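One structure is given here, and the rest of the page talks about it.
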Amino acid sequence: MKFTKRPLILFYFLVAISFTITITYYGFDYYTLPLKERFYSSKHQLLNPSGEFGHLFGIVGSVLITFGVLSYVIRKRWRKLIRFSYLKYWLEFHIFLCSLGSLLILFHTAFKFGGIISIGFWSLVVVVTSGIIGRMIYIQIPRTLQGDKLAKSEIEKELIQNLSKINNKILDDIKIYLTYDSQSQIIKSSFIANLKSIIYQHKIQREKIKSIKKTVEKINIDSNQKSVLMNDIKKILSLQSKIVLYNSFEILFKQWHIFHLPFAITMFFLMILHIIIVMIFRAN
């Protein structure tokens, strides 16, 4: 059973937004109180970290994050699970569970941070933020539906096919913008250098699209054909950019992983430590 992406992303977004709005609306007057005054609030027994809702937020949030991480790791290493969903959809599911779990953890803390909890929470914030950045890098690396990375030669083959499809439909003025050096690749060693290269390439791509659009407007075809032609041209420019930045994105993703992993391990270690401490004190 395979799922389509857009409806799922919309569903994930609506669930997260609905939860955030509901809890914020209900607990706004409590969460905005000074810490010393919260004890006297009628909602304190429900929303404080050890309250009925507050404690539940912590449990459910921890479960969602743990399941989100473990399910994605297992899916990456156990290819038989492909019949349930492609890896890129599983990645979206992983991000959704970890993001929603993080929101629950945030409300579990009742926006009160201190000691070891503050270290764990800010580790969680770094993990979630870097996870979003990692996802942006990940989707720039051309892959198959199954999640396998495409070879540079496969991307070049797709580029040639797309170029041949519109070759007879475009003017020489446009063809100039669609030519590039097939041997050109940007290879940088540092994270910042790769990031600058990517930003620069996207700037060039935007400028090309802007110039091509002006030329396409002069072609004597109807607006629908112009729209289709521009979409084909944008796809070609995107493929060219992916070839030029092929190594940059790969190196960038590896460097991101080195940064992301230690914070994730720290977060899980402190979360487990927090759970153990709570269980010990509750038992006593």
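Residue numbers for the sequence shown, in my numbering: 179 to 462.
For each residue, glycine too, the CB sits at the ideal point set by N, CA and C.
For clarity, every value in this text was computed on a predicted model and none was experimentally measured.
In the three-state DSSP reduction, isoleucine 237 falls in the helix class (H, G or I). For leucine 213, the enclosing alpha helix (DSSP H) has its first and last residue at 213-216. Counting of Cβ neighbours within 10 angstroms places asparagine 226 among the buried residues, the total reaching 16 or more. Under the Cβ criterion (8 Å, minimum of three pairs), the region 376-383 does not count as touching the region 396-410. Straight-line spacing of the CA atoms in leucine 356 and isoleucine 344 works out to 11 Å. Apart from the 5 residues on each side of it in sequence, tyrosine 208 sits with its Cβ closer than 6 Å to the Cβ of Ser219, Lys221, Leu225 in its chain, given in chain order. The Cβ-Cβ distance between glycine 298 and histidine 452 falls below 8 Å. Judged by DSSP in its simplified three-state form, threonine 393 adopts helix. Counting other Cβ atoms within 10 Å of its Cβ, arginine 253 reaches 16 or more and is therefore classed as buried. Boundaries of the alpha helix (DSSP H) harbouring glutamine 223: 222-225, taken from the DSSP string. Contact between the region 419-437 and the region 266-274 is not established, with fewer than three Cβ pairs separated by less than 8 Å. Boundaries of the alpha helix (DSSP H) harbouring leucine 417: 401-422, taken from the DSSP string. The region 235-246 makes contact with the region 279-293, as at least three CB pairs between them are under 8 Å. Residue environment analysis places threonine 200 among the exposed positions, since fewer than 16 neighbouring C-beta atoms fall within 10 angstroms of its C-beta. In the structure shown, leucine 356 falls within a coil segment according to DSSP collapsed to helix, strand and coil.
In this structure, the CA atom of phenylalanine 289 is about 19 Å from the CA atom of isoleucine 243. Scanning Glu334, Ile315, Ala371 for the CA closest to the CA of lysine 413 turns up Glu334. Assigned with DSSP and collapsed to three states, threonine 210 falls in coil, not helix or strand.
Ranked by Cα distance from tryptophan 434, the options Ile338, Ser331, Ile310 are led by Ile310.
Measuring C-alpha to C-alpha distances from methionine 314 to each of Glu428, Pro185, Ala194 identifies Glu428 as the nearest.
By the criterion of a C-beta distance shorter than 7 Å, leucine 302 is surrounded in its chain by Ser280, Ile283, Met445, once the five residues flanking it on both sides are discounted. The C-alpha of methionine 408 lies about 8 Å from the C-alpha of valine 394.
Linking phenylalanine 191 to leucine 337 through their CA atoms gives a straight-line distance of about 33 Å.
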